[in-house]
Amino acid sequence: MSSADAPPVPAGFDTAIAMAEAAANHNPSWWNEIRTHAGDSADGEYCSSLLLGALLQSAAHRLGVPTADVWAYIRRTGELPL
Numbered sequence: 004m005s006s007a008d009a010p011p012v013p014a015g016f017d018t019a020i021a022m023a024e025a026a027a028n029h030n031p032s033w034w035n036e037i038r039t040h041a042g043d044s045a046d047g048e049y050c051s052s053l054l055l056g057a058l059l060q061s062a063a064h065r066l067g068v069p070t071a072d073v074w075a076y077i078r079r080t081g082e083l084p085l
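Numbers 4 to 85, taken from the working numbering, label the letters of the sequence shown in order.
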């Protein structure tokens, strides 16, 4: 898919990606700096939820199980099956 055919990037997407990168690097100071300097942190929070949901649906598909089973597993164990 070319960038011309791609859907528009949602507001806050760059914030969500940057916050995820900071969290993955175990850098809460960087994460908090990104969050506090975001134009609208709610946009980044919503995009973070969208991204997590997509990753979990992808994990369910990869594991060959219903998505509801992945949600139930996470609620029960607190572990992400990624």
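Positions of the beta carbon are idealized from the N, C-alpha and C atoms, including for glycine.
query: DSSP on Pro31, reduced to helix/strand/coil?; result: helix
query: Taking Cβ to Cβ, would you say Ser32 is nearer than 8 Å to Arg38?; result: no
query: Could you compute how far the alpha carbon of Trp74 sits from the alpha carbon of Asn30?; result: 27 Å
query: In the structure shown, what three-state DSSP assignment does Leu66 receive?; result: helix
query: Once you ignore the five residues that flank Tyr76 on each side, which residues in its own chain have a CB closer than 8 Å to its CB?; result: Glu82 and Pro84
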